[in-house]
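Numbering (my numbering), first residue to last: 216 to 472.
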(Lines of atoms letter the chains of each structure in order from A and count residues from 1; the text may use other names and numbers.)
(Lines give C-alpha, C1' and ligand atoms only; values in the text may rest on other atoms or scores of the structure.)
Protein backbone atom coordinates (compact mmCIF):
# COMPACT_ATOMS: atom_id res chain seq x y z
CA UNK A 1 0.00 0.00 0.00
CA UNK A 2 2.88 2.34 0.87
CA UNK A 3 4.54 1.55 -2.45
CA UNK A 4 1.30 2.31 -4.29
CA UNK A 5 1.01 5.63 -2.45
CA UNK A 6 4.57 6.55 -3.43
CA UNK A 7 3.89 5.70 -7.07
CA UNK A 8 0.72 7.77 -6.97
CA UNK A 9 2.65 10.65 -5.42
CA UNK A 10 5.32 10.47 -8.10
CA UNK A 11 2.74 10.55 -10.88
CA UNK A 12 0.99 13.45 -9.17
CA UNK A 13 4.23 15.47 -9.03
CA UNK A 14 5.05 14.67 -12.65
CA UNK A 15 1.57 15.70 -13.75
CA UNK A 16 1.85 18.91 -11.74
CA UNK A 17 5.22 19.78 -13.25
CA UNK A 18 3.91 19.07 -16.74
CA UNK A 19 0.96 21.37 -16.11
CA UNK A 20 3.20 24.18 -14.87
CA UNK A 21 5.47 23.77 -17.88
CA UNK A 22 2.49 23.91 -20.24
CA UNK A 23 1.24 27.05 -18.59
CA UNK A 24 4.63 28.73 -18.64
CA UNK A 25 5.43 27.99 -22.28
CA UNK A 26 3.14 29.93 -24.56
CA UNK A 27 5.42 32.00 -26.73
CA UNK A 28 5.23 31.59 -30.50
CA UNK A 29 8.65 30.66 -31.77
CA UNK A 30 11.52 32.93 -30.72
CA UNK A 31 9.97 36.15 -31.99
CA UNK A 32 10.44 39.27 -29.88
CA UNK A 33 11.06 42.99 -30.10
CA UNK A 34 14.77 43.79 -30.26
CA UNK A 35 15.86 46.17 -27.50
CA UNK A 36 19.05 47.03 -25.66
CA UNK A 37 17.66 47.23 -22.11
CA UNK A 38 14.75 46.17 -19.90
CA UNK A 39 12.15 47.33 -19.22
CA UNK A 40 11.44 48.78 -22.65
CA UNK A 41 8.43 50.87 -23.64
CA UNK A 42 6.28 49.89 -26.59
CA UNK A 43 4.01 52.51 -28.13
CA UNK A 44 0.36 51.58 -28.69
CA UNK A 45 -0.98 53.84 -31.45
CA UNK A 46 -4.57 54.76 -30.59
CA UNK A 47 -6.65 54.72 -33.78
CA UNK A 48 -9.83 53.79 -31.91
CA UNK A 49 -12.95 55.72 -32.84
CA UNK A 50 -15.06 55.47 -29.67
CA UNK A 51 -14.55 56.45 -26.05
CA UNK A 52 -15.56 52.93 -25.02
CA UNK A 53 -12.78 51.26 -27.01
CA UNK A 54 -10.30 53.89 -25.87
CA UNK A 55 -11.21 53.14 -22.27
CA UNK A 56 -10.57 49.43 -22.81
CA UNK A 57 -7.21 50.25 -24.42
CA UNK A 58 -6.25 52.25 -21.33
CA UNK A 59 -7.12 49.32 -19.05
CA UNK A 60 -5.30 46.80 -21.26
CA UNK A 61 -2.22 49.02 -21.46
CA UNK A 62 -2.13 49.31 -17.66
CA UNK A 63 -2.50 45.55 -17.26
CA UNK A 64 0.35 44.68 -19.63
CA UNK A 65 2.57 47.38 -18.14
CA UNK A 66 2.55 45.45 -14.87
CA UNK A 67 5.19 43.27 -16.54
CA UNK A 68 8.71 43.67 -15.18
CA UNK A 69 10.27 43.64 -18.66
CA UNK A 70 8.04 45.93 -20.71
CA UNK A 71 5.80 48.97 -20.46
CA UNK A 72 3.19 50.14 -22.92
CA UNK A 73 2.40 53.75 -23.72
CA UNK A 74 -0.72 54.96 -25.48
CA UNK A 75 0.13 57.50 -28.19
CA UNK A 76 -1.71 59.12 -31.06
CA UNK A 77 -2.38 56.63 -33.82
CA UNK A 78 -0.95 56.87 -37.31
CA UNK A 79 -2.68 53.86 -38.86
CA UNK A 80 -5.70 55.69 -40.24
CA UNK A 81 -8.82 53.96 -41.49
CA UNK A 82 -6.79 51.11 -43.01
CA UNK A 83 -4.81 50.53 -39.78
CA UNK A 84 -1.49 50.85 -41.55
CA UNK A 85 1.42 49.50 -39.52
CA UNK A 86 4.16 51.85 -38.33
CA UNK A 87 7.71 50.68 -37.69
CA UNK A 88 8.54 50.13 -34.04
CA UNK A 89 4.95 50.41 -32.80
CA UNK A 90 1.66 48.56 -32.36
CA UNK A 91 -1.23 50.34 -34.10
CA UNK A 92 -4.61 49.59 -32.49
CA UNK A 93 -7.80 49.98 -34.56
CA UNK A 94 -11.53 49.31 -34.59
CA UNK A 95 -13.71 49.23 -37.69
CA UNK A 96 -16.63 47.38 -39.27
CA UNK A 97 -14.54 44.80 -41.12
CA UNK A 98 -17.59 42.72 -42.05
CA UNK A 99 -19.04 39.39 -40.88
CA UNK A 100 -15.98 37.61 -42.23
CA UNK A 101 -15.27 35.14 -39.45
CA UNK A 102 -13.13 37.03 -36.92
CA UNK A 103 -13.64 39.15 -33.81
CA UNK A 104 -10.05 40.31 -33.55
CA UNK A 105 -6.73 40.15 -35.37
CA UNK A 106 -3.13 40.62 -34.34
CA UNK A 107 -0.81 41.11 -37.30
CA UNK A 108 2.92 41.01 -36.62
CA UNK A 109 5.69 41.72 -39.10
CA UNK A 110 9.00 40.04 -38.32
CA UNK A 111 12.48 40.23 -39.77
CA UNK A 112 14.51 37.19 -38.78
CA UNK A 113 13.50 36.58 -35.17
CA UNK A 114 12.69 40.23 -34.42
CA UNK A 115 9.27 41.85 -34.39
CA UNK A 116 9.48 45.15 -36.27
CA UNK A 117 5.88 46.40 -36.33
CA UNK A 118 2.38 45.19 -35.48
CA UNK A 119 -1.32 45.99 -35.55
CA UNK A 120 -4.26 44.91 -33.39
CA UNK A 121 -7.73 45.10 -34.93
CA UNK A 122 -11.19 44.60 -33.40
CA UNK A 123 -14.19 43.98 -35.63
CA UNK A 124 -17.17 46.23 -34.89
CA UNK A 125 -19.36 44.39 -37.38
CA UNK A 126 -19.59 41.74 -34.66
CA UNK A 127 -19.15 43.91 -31.57
CA UNK A 128 -22.06 46.15 -32.57
CA UNK A 129 -24.45 43.17 -32.54
CA UNK A 130 -26.52 42.11 -29.53
CA UNK A 131 -24.56 38.86 -29.38
CA UNK A 132 -21.11 40.41 -28.94
CA UNK A 133 -21.82 43.92 -27.61
CA UNK A 134 -20.37 42.98 -24.23
CA UNK A 135 -17.67 44.87 -22.34
CA UNK A 136 -15.91 41.74 -21.09
CA UNK A 137 -15.75 40.31 -24.62
CA UNK A 138 -14.34 43.53 -26.03
CA UNK A 139 -11.65 43.83 -23.38
CA UNK A 140 -10.77 40.12 -23.61
CA UNK A 141 -10.23 40.33 -27.37
CA UNK A 142 -8.26 43.59 -27.24
CA UNK A 143 -6.05 42.28 -24.41
CA UNK A 144 -5.32 39.05 -26.28
CA UNK A 145 -4.52 40.68 -29.62
CA UNK A 146 -2.13 43.15 -28.01
CA UNK A 147 -0.54 40.30 -26.03
CA UNK A 148 0.23 38.48 -29.29
CA UNK A 149 2.21 41.50 -30.49
CA UNK A 150 4.68 40.96 -27.61
CA UNK A 151 5.45 37.38 -28.71
CA UNK A 152 2.84 35.54 -26.64
CA UNK A 153 0.72 32.71 -27.98
CA UNK A 154 -2.38 31.20 -26.36
CA UNK A 155 -2.71 29.36 -23.09
CA UNK A 156 -5.55 27.56 -21.31
CA UNK A 157 -6.00 29.46 -18.06
CA UNK A 158 -8.05 32.24 -16.49
CA UNK A 159 -6.36 34.83 -18.69
CA UNK A 160 -7.15 37.01 -21.67
CA UNK A 161 -4.67 34.82 -23.59
CA UNK A 162 -7.09 31.87 -23.40
CA UNK A 163 -8.52 31.61 -26.91
CA UNK A 164 -11.18 28.99 -26.16
CA UNK A 165 -12.78 30.02 -22.87
CA UNK A 166 -14.07 33.03 -20.99
CA UNK A 167 -14.98 35.43 -23.80
CA UNK A 168 -17.84 36.96 -21.79
CA UNK A 169 -16.33 36.30 -18.35
CA UNK A 170 -15.03 39.25 -16.31
CA UNK A 171 -12.21 37.10 -14.90
CA UNK A 172 -10.73 36.56 -18.39
CA UNK A 173 -10.09 40.20 -19.33
CA UNK A 174 -6.50 40.53 -18.04
CA UNK A 175 -3.14 38.72 -18.20
CA UNK A 176 -2.29 36.25 -15.45
CA UNK A 177 0.97 35.40 -13.66
CA UNK A 178 1.96 32.90 -16.36
CA UNK A 179 1.67 35.56 -19.06
CA UNK A 180 4.03 37.83 -17.13
CA UNK A 181 6.41 34.93 -16.47
CA UNK A 182 6.47 34.06 -20.17
CA UNK A 183 7.31 37.66 -21.05
CA UNK A 184 10.24 37.49 -18.64
CA UNK A 185 11.46 34.38 -20.46
CA UNK A 186 10.99 35.90 -23.92
CA UNK A 187 12.86 39.07 -22.97
CA UNK A 188 15.54 37.57 -20.72
CA UNK A 189 18.36 38.25 -23.23
CA UNK A 190 19.13 41.70 -24.61
CA UNK A 191 19.90 42.62 -28.22
CA UNK A 192 22.62 44.74 -29.79
CA UNK A 193 20.05 46.83 -31.70
CA UNK A 194 16.46 47.97 -31.26
CA UNK A 195 13.31 47.59 -33.33
CA UNK A 196 11.26 49.64 -30.85
CA UNK A 197 10.30 53.26 -31.60
CA UNK A 198 11.61 55.87 -31.16
CA UNK A 199 15.11 54.33 -30.99
CA UNK A 200 14.65 51.64 -33.63
CA UNK A 201 17.68 50.78 -35.73
CA UNK A 202 16.26 47.99 -37.88
CA UNK A 203 13.15 49.53 -39.43
CA UNK A 204 10.48 47.86 -41.52
CA UNK A 205 8.51 49.25 -44.42
CA UNK A 206 5.14 50.49 -43.15
CA UNK A 207 2.46 48.21 -44.52
CA UNK A 208 -1.22 47.30 -44.43
CA UNK A 209 -2.24 43.88 -43.19
CA UNK A 210 -5.06 42.03 -44.96
CA UNK A 211 -8.54 41.87 -43.43
CA UNK A 212 -9.97 38.95 -45.40
CA UNK A 213 -9.16 35.41 -44.19
CA UNK A 214 -8.27 34.25 -47.69
CA UNK A 215 -5.40 36.74 -47.73
CA UNK A 216 -3.81 35.79 -44.38
CA UNK A 217 -1.40 33.26 -45.89
CA UNK A 218 -0.76 29.65 -44.94
CA UNK A 219 -2.05 28.02 -41.73
CA UNK A 220 0.69 27.91 -39.11
CA UNK A 221 -1.17 25.87 -36.49
CA UNK A 222 -3.77 23.13 -36.48
CA UNK A 223 -6.81 25.12 -35.40
CA UNK A 224 -7.09 28.03 -37.82
CA UNK A 225 -5.95 30.68 -35.38
CA UNK A 226 -2.47 31.49 -36.74
CA UNK A 227 -1.41 32.16 -40.32
CA UNK A 228 1.90 33.17 -41.91
CA UNK A 229 2.74 34.92 -45.17
CA UNK A 230 6.30 34.95 -46.50
CA UNK A 231 7.21 38.50 -47.58
CA UNK A 232 10.70 37.61 -48.83
CA UNK A 233 14.15 38.72 -47.66
CA UNK A 234 13.67 37.03 -44.28
CA UNK A 235 10.47 38.96 -43.55
CA UNK A 236 7.15 37.37 -42.59
CA UNK A 237 3.69 38.50 -41.61
CA UNK A 238 1.96 36.50 -38.87
CA UNK A 239 -1.79 36.86 -38.30
CA UNK A 240 -3.47 35.66 -35.09
CA UNK A 241 -7.25 35.28 -35.33
CA UNK A 242 -10.01 35.13 -32.72
CA UNK A 243 -12.64 33.38 -34.84
CA UNK A 244 -16.38 33.98 -34.99
CA UNK A 245 -19.09 32.39 -37.14
CA UNK A 246 -19.39 34.01 -40.55
CA UNK A 247 -22.59 36.00 -41.00
CA UNK A 248 -24.64 38.23 -38.71
CA UNK A 249 -24.89 36.39 -35.36
CA UNK A 250 -28.09 38.20 -34.35
CA UNK A 251 -30.16 36.55 -37.05
CA UNK A 252 -31.98 33.87 -35.11
CA UNK A 253 -29.94 34.67 -31.98
CA UNK A 254 -31.13 38.06 -30.70
CA UNK A 255 -29.94 37.78 -27.11
CA UNK A 256 -26.53 38.07 -25.57
CA UNK A 257 -25.10 34.90 -23.97
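We put the CB at the ideal spot given by N, CA and C, even for glycine.
Can you tell me which of 365, 295, 414 puts its alpha carbon nearest to the alpha carbon of residue 424?
Along the chain shown, one-based indexing puts residue 424 at 209. Per the Cα distances, 295.
In the DSSP assignment, find the beta strand (DSSP E) that holds residue 333 and state where it starts and stops.
In the chain shown, residue 333 corresponds to position 118, counting from 1. 329 to 338 is the extent of the beta strand (DSSP E) around residue 333.
Taking the alpha carbon of residue 464 as the reference point, which residue from 397, 410, 341 has its own alpha carbon closest?
Along the chain shown, read from residue 1 onward, the residue named residue 464 stands at position 249. With distances taken between Cα atoms, residue 464 lies closest to 341.
Which residues in the same chain have their Cβ closer than 6 Å to the Cβ of residue 243, if we skip the five residues on either side of it in sequence?
Start at 1 with the first residue of the chain shown, and residue 243 comes out as number 28. Contacts found: 368.
CB residue 335 to CB residue 357, shorter than 8 Å?
Position 120 of the chain shown, counted from the start, is the residue given in the question as residue 335. Position 142 of the chain shown, counted from the start, is the residue given in the question as residue 357. Yes, the Cβ-Cβ distance between residue 335 and residue 357 is below 8 Å.
Looking at residue 542: is its Cβ nearer than 8 Å to the Cβ of residue 246?
As shown, the chain starts at 216 and ends at 472. That puts residue 542 outside it, with no answer to give.
Quick one: is the Cβ of residue 277 within less than 7 Å of any heavy atom of the ligand FMN?
The ligand FMN is absent from the structure shown, which contains no ligands of any kind.
Three-state secondary structure assigned by DSSP to residue 464
If you number the chain shown from 1, residue 464 lands on position 249. Coil, per DSSP.
Distance between beta carbons of residue 383 and residue 345, contact taken as under 8 Å
Counting from 1 along the chain shown, the entry for residue 345 is found at position 130. Counting from 1 along the chain shown, the entry for residue 383 is found at position 168. Actually they do not touch by this definition, with Cβ atoms about 13 Å apart.
Whole-angstrom distance between residue 304 and residue 264, CA atom to CA atom
Counting from 1 along the chain shown, the entry for residue 264 is found at position 49. Counting from 1 along the chain shown, the entry for residue 304 is found at position 89. Residue 264 and residue 304: Cα-Cα distance of roughly 19 Å.
Judging by CA-CA distance, which residue of 306, 347, 310, 386 is the nearest neighbour of residue 293?
As a working note, residue 293 is residue 78 in the chain shown. The closest CA to that of residue 293, considering only 306, 347, 310, 386, is found on 306.
Cα-Cα separation between residue 422 and residue 453, rounded to whole angstroms
In the chain shown, counting from the first residue as 1, residue 422 sits at position 207. In the chain shown, counting from the first residue as 1, residue 453 sits at position 238. Between residue 422 and residue 453, the C-alpha separation is close to 13 Å.
Got a sec, what are the start and stop residues for the alpha helix (DSSP H) residue 459 sits in?
Here residue 459 refers to the residue found at position 244 when the chain shown is read from its first residue. Looking at the DSSP string, residue 459 is not in any alpha helix (DSSP H), and its letter there is neither H nor E.
Could you pull the start and end residues of the beta strand (DSSP E) that residue 276 belongs to?
Position 61 of the chain shown, counted from the first residue, corresponds to residue 276. Here residue 276 belongs to no beta strand (DSSP E); instead the alpha helix (DSSP H) covers 266 to 279.
Residue range of the beta strand (DSSP E) that residue 325 falls in?
Along the chain shown, read from residue 1 onward, the residue named residue 325 stands at position 110. From DSSP, the beta strand (DSSP E) with residue 325 extends over 317 to 326.
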